[in-house]
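Heads up, the thing below is written out as structure tokens.
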Amino acid sequence: MLDRKERLKELAAEFNACQRALTAIGDETRQSIIMALIDGESECKQGIRVGELTARTNLSRPAVSHHLKVLKDANLIGMSREGTMNYYYLDIVRSDIFKLKRLFDNIGHFIHDYQDESSP
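Given below as structure tokens:
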């Protein structure tokens, strides 16, 4: 087992690897787009188009497109193309969501272990 200092270094490295995703999901507007994508997943298998996201979020088309680009660049969402239509969806399989989960799990384990060490 690694000592506390080494574990903190590993957590810092994981945190750095997740910074882009953390920044992307830290924005309330992008959170509303993610929620719209989650809601839309149940209605449409291939994802949601920008026009539908503008209606669901009350944002302009350029604003939605900008936020989708940030989410896509952060490797949180995917896009599929059908002819001239683009569909956006949460890419659970290939996204960095698992990196975030692993980071939070490891933080939880560290806190748990540290609390155990600190207990009398």
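Residue numbers 1 to 120, in full-length UniProt numbering, belong to the letters of the sequence shown in order.
Every residue, glycine too, gets a C-beta built ideally from N, C-alpha and C.
From a predicted model like this one, the values you see are computed outputs, not experimental measurements.
Three or more C-beta pairs below 8 Å linking the segment 99-115 and the segment 13-26: Taking a contact to require three or more Cβ pairs closer than 8 Å, the segment 99-115 and the segment 13-26 qualify as touching.
Residue 67, buried or exposed, once every other Cβ within 10 Å from all chains shown has been counted against 16: Against the sequence shown, residue 67 aligns to sequence position 67. Buried, because 16 or more other Cβ atoms sit within 10 Å of the Cβ of residue 67.
Same chain, Cβ closer than 8 Å to residue 46, five either side skipped, listed in chain order: Position 46 of the sequence shown, counted from the start, is the residue given in the question as residue 46. In chain order, 80, 82, 87 and 89 place their CB closer than 8 Å to the CB of residue 46, counting only its own chain and leaving out the 5 sequence neighbours on each side.
Whether residue 24 touches residue 74 by CB criterion (8 Å): The count along the sequence shown starts at 1 and reaches residue 24 at position 24. The count along the sequence shown starts at 1 and reaches residue 74 at position 74. For the 8 Å CB-CB criterion, residue 24 and residue 74 form a contact.
Residue 54 versus residue 115 - alpha carbon distance: Working through the sequence shown from its first residue, we reach residue 54 at position 54. Working through the sequence shown from its first residue, we reach residue 115 at position 115. Distance from the CA of residue 54 to the CA of residue 115, rounded to the nearest whole angstrom, comes to 46 Å.
Same chain, Cβ closer than 6 Å to residue 39, neighbours up to 5 away in sequence not counted: Working through the sequence shown from its first residue, we reach residue 39 at position 39. Scanning its chain for C-beta atoms nearer than 6 Å, with the 5 sequence neighbours on each side dropped, one finds no residue around residue 39.
Cβ-Cβ separation, residue 48 to residue 76 (assumed contact under 8 Å), whole Å: In the sequence shown, residue 76 corresponds to position 76, counting from 1. In the sequence shown, residue 48 corresponds to position 48, counting from 1. Not a contact, Cβ separation roughly 14 Å.
For residue 38, the three-state DSSP class (helix, strand or coil): As a position in the sequence shown, residue 38 is number 38, starting the count at 1. Helix at residue 38.
Residues of its chain near residue 110, where Cβ-Cβ distance is below 7 Å and the 5 sequence neighbours each way are ignored: Position 110 of the sequence shown holds residue 110. Closer than 7 Å at the Cβ level, and outside the excluded window around residue 110, lie 7 and 11.
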